[in-house]
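Have a look at the structure below before the remarks.
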Amino acid sequence: MTGVVIVSHGRFVDGILDSVRMLLGSDVLNKVTSVVLTEMDSVEGLVQRVKEAIEKVRDENGVLVLVDLFGGTPSRAAAMIVIENPNVEVVAGLNLPMLLQVLLNLDKPANELAKLAVEAGREGIIHVSERIREQVLKTKEQ
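Take a look at the structure:
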């Protein structure tokens, strides 16, 4: 099973993992670990903690690192690690639909899981009010 490391600014990761527990239970988190960036962390310190987290969940399928924001410190730290680790994939823009899809497909290798993560993350963003208005309009036209 592919290992998953989630890295975020502050406690964002704690909240999203709490949501996962509510929706899927705790068992799906056996191959998941997280790293929280605090205001006191240096980039070097964060890189070291992310490396340790990767080693904790490393698997022959690789490791998928999910970060909250592209270009932020967690993203830059993970990018430094990817250069040295061909079996580590990094995806930025973490959201709940993305994480759920990842956790339901941990049997896939990290590179495939990264593609699924990006797709699920994009599909999980919906302009709900616009969609409702379109449905109402279609119903009125019938």
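Be aware that the sequence shown starts at 2, since it is given in the numbering used here, and climbs by one per residue.
Note that CB positions come from ideal geometry on N, CA and C, so glycine has one too.
The stretch 37-44 makes no contact with the stretch 98-115; the number of CB pairs closer than 8 Å stays below 3. Within the DSSP secondary-structure output, residue 90 pairs in a beta bridge with 65. Here the C-alpha atom of residue 74 lies approximately 9 Å from the C-alpha atom of residue 43. Residue 128 places its beta carbon 8 Å or farther from that of residue 69. Taking 3 residues as the minimum length, the beta strand (DSSP E) runs contained wholly in the stretch 24-73 are 33-38, 64-68, in order along the chain.
Comparing C-alpha distances from residue 120 to each of 134, 133, 131, 101 shows the shortest one belongs to 101.
Around the beta carbon of residue 62, a 10 Å sphere encloses 16 or more other beta carbons of the protein chains shown; the residue is thus reported as buried. Sixteen is the threshold: when 16 or more other Cβ atoms of the shown chains lie within 10 Å of the Cβ of residue 95, as they do, the residue is buried. Counting only the Cα atoms, residue 53 lies some 18 Å from residue 15.
Classified as buried, residue 3 has 16 or more neighbouring CB atoms from the shown chains inside 10 Å of its CB. The beta carbon of residue 46 lies closer than 7 Å to none in the same chain, with the five residues before and after it left out. One alpha carbon belongs to residue 50, the other to residue 31, and they sit about 19 Å apart. Nearest C-alpha to residue 89 among 72, 124, 67, 105: 67.
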